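Asks: First the structure, then my questions, so here it is.
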Amino acid sequence: MMKYIVVGLIVFIVYVSFAGSTSPYTLATATIISVILSALTAKYLVVNERKLMEPWRLLILIYYFFKYMTIIEFKAHMDVVKRTFTMEIKPGIVKVPVNAKSRYARSLIMGSITNTPGTVVVDEKDDYFYVNWIYVSSPDPLEAKKAISEEFENFAIKIFD
Amino acid sequence: MSRRILVLMLLFSATLIVSFTATIILNPATPSELKELAKYYVLNTINETASPEAVTAIVWDYRGLDTIYETLVLYLAIVGGLAIFKMSEEALLKTRIGLTLLTKTSTKIIALLITSIAAAIAFHGHLSPGGGFPGGSAVAVASMIIIPVFAAGTLIEKGISSTKLVAIRGAALTALGLVALLPVVRGLEIVTNQKFYPASILGLPISGSLSLYNLLESLAVASGFTAVALYLSIPEEAYKGGSSA
């Protein structure tokens, strides 16, 4: 039941904010559409309903969002900016192990790696990510993980696993 | 820097400079008065069609018959395409791999958000810019990202096939035709709006037949375009090795 409510609520909020009005007509159609869409899609979007009942996951996600968008992104950008001037690059693809199990956690890690400049996930296979890295400081999977995705993974496991 | 890039940059800046100076020197006057035709629509649309959105009122009311025939033309084009492509679902069932996990997970979320926005576009067509066709096209965007990401075979497995989608489109268009025809029963003209359909239901503004047309048209366009995307994703190999005349 919880998953239908959560998915419906997301649809409702997106619908109303896009329509940009809170007239009775908008709210009535928003209700109809969120009921239909959540009935159709919730089973594909939510696998484990129990996790929706744990609000601290959402709090960690919000904290992670702000930390990622400010501190982590800033550091990664500054690093790449420095490298564009010094041309101190040693590009290559490294193998990075992942421990997170759920697909949302893995997607969050992949998205976080790709969205920071300097690293791009190019493939995923058998609990390993293949990451194209601007400066390969170590080809060892564990060393690379420490430098690339350890912080993302810790947060992702707390949020989604 | 290579010469080609230099030439391109020079051309670009020259175009910018010329267009800016032309705008300043020629100073094209913006019209200060509405033309007679525009004035008519601005003053009368809300009374004659119960819709504040003049474009939708023109499309589905003032020239409604034209739009209905236009919808039919697109329907025939889609049915024709389906006939030419000889949809074989066996060929599609082989394509079942799709893209990576990240793409799949984010596509699920994005498709839901696109569909919510598409519904808002379609349902507010008679109140603000938008309407059935843009709304349905936006839904089609969602299905067009779903098909390559999850592979067409997965959709067929879930019971979504071109034939079914064309059937939905046919049903929506039949309903649309009925909405246009119903006023004839009471001796009114075909595609009559305000003399037959109510301007609001339970105090909610629906602008008579306009919102019905928008709803049905968005269903028809969404299912039609999804069907097209599905039969265009038949892998090339399915045609290779066939009997060549």
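For the protein sequence lines, the chains are P and G, in the order given.
Every letter in the first sequence is one number past the one before it in the numbering used here, and letter 96, counting from 1, is 96.
Every letter in the second sequence is one number past the one before it in the numbering used here, and letter 21, counting from 1, is 1021.
Where a beta carbon is used, it is the ideal one built from N, C-alpha and C, also for glycine.
Please read all numbers here as calculations on a predicted model, not as lab measurements.
(1) Tell me, please, which residues DSSP counts as bridged to Glu124/P.
(2) So, Ser1143/G versus Tyr1231/G, is the Cβ gap smaller than 7 Å?
(3) Counting only Cβ pairs nearer than 7 Å, list the residues of chain P close to Lys1108/G.
(4) Please confirm whether His1124/G has its beta-carbon closer than 7 Å to some beta-carbon of chain P.
(5) Nearest-angstrom Cα distance between Leu1101/G and Tyr68/P?
(6) Taking all protein chains shown into account, do 16 or more other C-beta atoms lie within 10 angstroms of the C-beta of Phe129/P, making it buried, or fewer, making it exposed?
(7) Note down, in chain order, every chain G residue with its Cβ under 8 Å from the Cβ of Arg57/P.
(8) For Tyr1197/G, which of Ala1050/G, Ala1038/G, Leu1010/G and Leu1006/G has the nearest alpha-carbon?
(9) Verify whether the separation of the beta carbon atoms of Phe160/P and Ser102/P is less than 7 Å.
(10) Classify Ala1245/G as helix, strand or coil using the three-state DSSP reduction.
(11) What is the C-beta distance between Val1149/G and Thr1192/G, in whole angstroms, given that I count them as a contact (C-beta under 8 Å)?
(12) Quick one: give me the first and last residue of the alpha helix (DSSP H) that Pro24/P is part of.
(13) At a CB-CB cut-off below 7 Å, which residues of chain P make contact with Ala1120/G?
(14) As an exercise, report each continuous beta strand (DSSP E) stretch of at least 3 residues that is fully enclosed by the stretch 35–122 of chain P, in chain order.
(15) For a quick check, are the C-beta atoms of Val131/P and Thr119/P less than 7 Å apart?
(16) Indicate whether Ile134/P and Pro91/P have their beta-carbon atoms separated by less than 7 Å.
(17) Are the beta-carbon atoms belonging to Ser1200/G and Gly1132/G less than 7 Å from one another?
(18) Any beta carbon of chain P sitting closer than 7 Å to that of Leu1212/G?
(19) Identify the contact partners of Val120/P in chain G, using a Cβ-Cβ distance below 8 Å as the criterion.
(20) Quick check on the burial criterion: 16 or more other C-beta atoms within 10 angstroms. Buried or exposed for Ala1245/G?
(21) Grab the span of the alpha helix (DSSP H) containing Glu1053/G for me, first residue to last.
(22) Output the distance between the C-alpha atoms of Ser1032/G and Thr1045/G, rounded to the nearest integer angstrom.
(23) For Tyr1062/G, does the count of other Cβ atoms within 10 angstroms reach 16, so buried, or fall short, so exposed?
(24) Please compile the residues from chain G whose C-beta is within a distance smaller than 9 Å of the C-beta of Val98/P.
(25) To which residues of the same chain is Phe155/P closer than 6 Å at the C-beta, ignoring the five residues directly before and after it?
(26) So Ala1140/G packs on Ala1172/G, CB below 8 Å; how close in whole Å?
(27) Assign Ser1209/G to one of two classes, buried (16 or more other C-beta atoms within 10 Å of its C-beta) or exposed (fewer than that).
(28) By Cβ distance, which residues of its chain are closer than 7 Å to Lys1181/G, with the 5 residues on each side in sequence left out?
(29) Is the Cβ of Tyr25/P closer than 7 Å to any Cβ of chain G?
Replies: The short version:
(1) Phe129/P
(2) no
(3) The contacting residues are Tyr44 and Leu45.
(4) Taking Cβ atoms only, chain P reaches closer than 7 Å to His1124/G, which makes this a yes.
(5) 21 Å
(6) Of the residues assessed, Phe129/P falls on the buried side of the cut-off, its CB having 16 or more other CB atoms within 10 angstroms.
(7) In chain order: nothing, as chain G lies at least about 16 Å away.
(8) Checked all of Ala1050/G, Ala1038/G, Leu1010/G and Leu1006/G; the closest Cα to Tyr1197/G is Ala1050/G.
(9) Contact flag set, yes.
(10) Low per-residue confidence applies at Ala1245/G: pLDDT is 43, beneath 50, and the placement is therefore not dependable enough to give any value.
(11) Wrong, their Cβ atoms sit about 45 Å apart, outside the cutoff.
(12) Pro24 to Leu45
(13) Tyr15, Phe18 and Ala19
(14) Every beta strand (DSSP E) stretch that sits fully inside the stretch 35–122 of chain P and reaches 3 residues is listed by chain position as 92–97.
(15) Going by C-beta atoms, Val131/P is nearer than 7 Å to Thr119/P.
(16) yes
(17) Contact: no.
(18) no
(19) What Val120/P touches in chain G: nothing, since even the nearest Cβ is about 11 Å away.
(20) At Ala1245/G, the pLDDT of 43 sits below 50, so the modelled position is not reliable; the number obtained from the coordinates is stated separately. Exposed, because fewer than 16 other Cβ atoms sit within 10 Å of the Cβ of Ala1245/G.
(21) Here Glu1053/G belongs to no alpha helix (DSSP H), and DSSP marks it neither H nor E.
(22) 21 Å
(23) buried
(24) Ordered by position in chain G, no residue passes the 9 Å Cβ test against Val98/P, which lies about 11 Å from the chain.
(25) Tyr64
(26) With a Cβ gap of about 14 Å, Ala1140/G and Ala1172/G do not count as contacting.
(27) buried
(28) As written in the sequence, residue 1181/G is Leu, which differs from the Lys given in the question. Ile1190, listed in sequence order.
(29) yes
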